[in-house]
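Student:
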Amino acid sequence: MSVNSTGLFRITGKHVLKLCLLVLLTTINVDVTAQKPEMYFADTTTIGVPYAKDPKVVFHQNRYLMYYSVPGVRFQNWSIGIAASTDLTHWKKVGELKPAADYEKNGLCAAGAIIKDGKVHLFYQTYGNGKKDAICHAVSDDGLAFTRNTTNPIFSPKGDWTCGRAIDAEVVQFNNKYFLYFATRDTSYKIQMQGVASTPLNTSFNQNEWTQLTDYSILKPELPWEKNCIEAAACIKRGKYLYMFYAGGYNNEPQQIGLARSTDGVKWTRVFTEPFLKNGEKGSWNESESGHPDIFTDTNGRTYLFYQGNNDKGRTWFISKREVVWKKDKPVLL
Numbered sequence: 001m002s003v004n005s006t007g008l009f010r011i012t013g014k015h016v017l018k019l020c021l022l023v024l025l026t027t028i029n030v031d032v033t034a035q036k037p038e039m040y041f042a043d044t045t046t047i048g049v050p051y052a053k054d055p056k057v058v059f060h061q062n063r064y065l066m067y068y069s070v071p072g073v074r075f076q077n078w079s080i081g082i083a084a085s086t087d088l089t090h091w092k093k094v095g096e097l098k099p100a101a102d103y104e105k106n107g108l109c110a111a112g113a114i115i116k117d118g119k120v121h122l123f124y125q126t127y128g129n130g131k132k133d134a135i136c137h138a139v140s141d142d143g144l145a146f147t148r149n150t151t152n153p154i155f156s157p158k159g160d161w162t163c164g165r166a167i168d169a170e171v172v173q174f175n176n177k178y179f180l181y182f183a184t185r186d187t188s189y190k191i192q193m194q195g196v197a198s199t200p201l202n203t204s205f206n207q208n209e210w211t212q213l214t215d216y217s218i219l220k221p222e223l224p225w226e227k228n229c230i231e232a233a234a235c236i237k238r239g240k241y242l243y244m245f246y247a248g249g250y251n252n253e254p255q256q257i258g259l260a261r262s263t264d265g266v267k268w269t270r271v272f273t274e275p276f277l278k279n280g281e282k283g284s285w286n287e288s289e290s291g292h293p294d295i296f297t298d299t300n301g302r303t304y305l306f307y308q309g310n311n312d313k314g315r316t317w318f319i320s321k322r323e324v325v326w327k328k329d330k331p332v333l334l
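Heads up: the sequence shown begins at 1 in our numbering, then just goes up one per residue.
1) Leaving out the 5 sequence neighbours to the left and right, which residues in its chain are closer than 8 Å to Asp329 when beta-carbon positions are compared?
2) When burial is assigned at 16 or more other CB atoms within 10 Å of the CB, is Gly301 buried or exposed?
3) Closer than 8 Å, CB to CB, is Ala100 near chain C or not?
4) Any idea what DSSP makes of Asp298, helix, strand or coil?
5) I need the DSSP call for Asp329, collapsed to helix, strand or coil.
6) Which class does Glu287 belong to by DSSP, given the choice of helix, strand or coil?
7) At a cut of 8 Å, does the stretch 268-287 reach the stretch 227-235 through at least three beta carbon pairs?
8) Please confirm whether Ser217 and Trp285 have their CB atoms less than 8 Å apart.
9) Within 8 Å, do at least three Cβ pairs link the stretch 109-125 to the stretch 45-56?
10) So, Phe155 versus Ala166, is the Cβ gap smaller than 8 Å?
11) Sorry if obvious, but does the Cβ on Ala260 come closer than 7 Å to a heavy atom of the ligand MN?
12) Express the C-alpha separation of Thr45 and Val73 in angstroms, rounding to a whole number.
13) Kindly list the residues whose CB is nearer than 8 Å to the CB of Leu201, restricted to its own chain and excluding five residues on each side of it in sequence; keep chain order.
14) Which whole-angstrom value is the C-beta distance of Val325 and Tyr304, which I expect to be below 8 Å?
15) By DSSP, does Arg315 sit in helix, in strand, or in coil?
16) I need the DSSP call for Asp54, collapsed to helix, strand or coil.
17) Taking a contact to mean a Cβ-Cβ separation below 8 Å, would you say Ile82 touches Val70 in this structure?
18) Need the endpoints of the beta strand (DSSP E) that Gln192 sits in, please.
19) Using 8 Å as the threshold, is the C-beta distance between Ala197 and Arg148 below it?
20) Answer yes or no: do Lys227 and Gly195 have a C-beta to C-beta separation smaller than 8 Å?
21) Could you tell me if Gly258 is buried or exposed, where buried requires 16 or more neighbouring beta carbons within 10 angstroms of its beta carbon?
22) Assuming Ser288 and Asp264 make a contact with CB atoms under 8 Å, what is their CB distance in whole Å?
23) Between Lys327 and Phe306, is the Cβ-Cβ spacing less than 8 Å?
24) Nearest-angstrom Cα distance between Pro50 and Glu209?
25) Where Ala134 and Thr299 are concerned, what is the direct C-alpha to C-alpha distance, given to the nearest angstrom?
26) Quick check on Ser188: buried or exposed, where buried means 16 or more other Cβ atoms within 10 Å of its Cβ?
27) Does the beta-carbon distance from Ala169 to Phe205 come in below 8 Å?
28) Compare the beta carbon distance of Gln256 and Gly291 with 8 Å and say whether it is the shorter of the two.
29) Can you give the Cα-Cα distance for Lys415 and Pro275, rounded to whole angstroms?
30) For Leu334, count neighbouring Cβ atoms within 10 angstroms of its own Cβ and tell me buried if that reaches 16, exposed if not.
31) Contact defined as beta carbons within less than 8 Å: I believe Ile80 pairs with Glu104. What is the distance between those atoms, to the nearest angstrom?
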């Protein structure tokens, strides 16, 4: 922009182009910023880029704790990060559970967690062992320092319907017992599906206390959007039903979140044929997927769906949340 002999501003074609570019860039920046949710958590301390997957949230000792998966160098030796919050939105990393025992030396991740007798019980998977990955258990007074179960790994499935792998543990109290939901694969190692085991309420969660309840998958991919994968069960009891939020599709296919429910914890019926939570629109923070859910009930009874997402096919990962309200025995996203 310049001033001519009359003292008026003269705008050249070059300046018009610059102004147009500035307006365009400003618009893009506003749109991108608007796409980011209020909760937008990732861990940058492990591999130098924002990365956090597989959320699990509990309330313990007057604060919220979130357990999540983070990779090590060259995406090996995964561990479980621990973040704390006082408002469920703003999180700060406060710890990490790293591989220590021989059975988890290749990595551990994807924790489930419950509060029992004032302690945090963590149910996590070994990682990096293919068909031999299994569910492990550890317990903590403060939610940060964990003591491993001496009978670890505590569970892996048996039968000709499964390859023997168990990952993505979810433990929930229902119908006077604890149910363990896990993801496994068929013998071809292609189809990811759900299985279930149980243990009595007075359990120590030791290996010999679990009973596998079926010799078949209780929920496997059937709908087009589920592709070849159902994993990451997250359960909540509402009335007579146990609801299971689950991830359909492998990472970034896109993975999306579905919903099923059961009255006995074993037989499941889908609530919707379409995803309950889809991946985001093009250009949004979760364009590549909305996956690996966790459903959390706050102390005031409000419920929140935590989930992972990204828009770069997994080069980064973030965790966010949406509030869920219940209308006529069905959840609705806010």
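Quick reminder that beta carbons are idealized off the backbone N, C-alpha and C, glycines included.
Owing to the predicted nature of the structure, the values given are computational and were not obtained by experimental measurement.
Tutor: Taking the structure as given:
1) By the criterion of a C-beta distance shorter than 8 Å, Asp329 is surrounded in its chain by Arg238, Gly239 and Tyr241, once the five residues flanking it on both sides are discounted.
2) Result: exposed.
3) Included in the structure is just one protein chain, with no chain C present.
4) Of the three classes helix, strand and coil, the one that applies to Asp298 here is coil, per DSSP.
5) Residue state, collapsed to three classes: coil.
6) Coil, per DSSP.
7) Short answer: they don't touch.
8) In this structure, Trp285 does not lie closer than 8 Å to Ser217 by Cβ.
9) Yes: at least three Cβ pairs fall under 8 Å.
10) Ala166 is positioned such that its CB atom lies closer than 8 Å to that of Phe155.
11) For the ligand MN, the structure offers nothing, since it holds no ligand at all.
12) The straight-line gap from Cα to Cα measures roughly 11 Å.
13) Result list for Leu201: Gln173, Asn176, Lys177 and Tyr178, in chain order.
14) No, Val325 and Tyr304 are not in contact; Cβ-Cβ is about 11 Å, not under 8 Å.
15) DSSP places Arg315 in coil when its eight states are reduced to three.
16) Looking at Asp54 - three-state DSSP - the assignment turns out to be strand.
17) Not in contact: Ile82 and Val70 (Cβ atoms no closer than 8 Å).
18) If you look at Gln192, you'll find it in the beta strand (DSSP E) that goes Gln192 to Thr199.
19) Contact flag unset, no.
20) It is not a contact, given that the beta carbons lie outside the stated cut-off.
21) A residue is called buried once 16 or more other Cβ atoms fall within 10 Å of its Cβ, and Gly258 is buried on that count.
22) Actually they do not touch by this definition, with Cβ atoms about 36 Å apart.
23) Taking 8 Å as the Cβ cut-off, Lys327 and Phe306 do not qualify as a contacting pair.
24) Just so you know, the alpha carbons of Pro50 and Glu209 end up roughly 39 Å apart.
25) A straight line joining the alpha-carbon of Ala134 with that of Thr299 spans about 32 Å.
26) Result: exposed.
27) No, these two residues do not count as a Cβ contact at 8 Å.
28) Yes, the pair counts as a contact, with Cβ atoms nearer than the cut-off.
29) There is no way to answer for residue 415, as the model of the chain reaches only from 1 to 334.
30) Flag for Leu334 reads exposed.
31) Not quite, the Cβ-Cβ distance comes to about 10 Å (not below 8 Å), so this is no contact.
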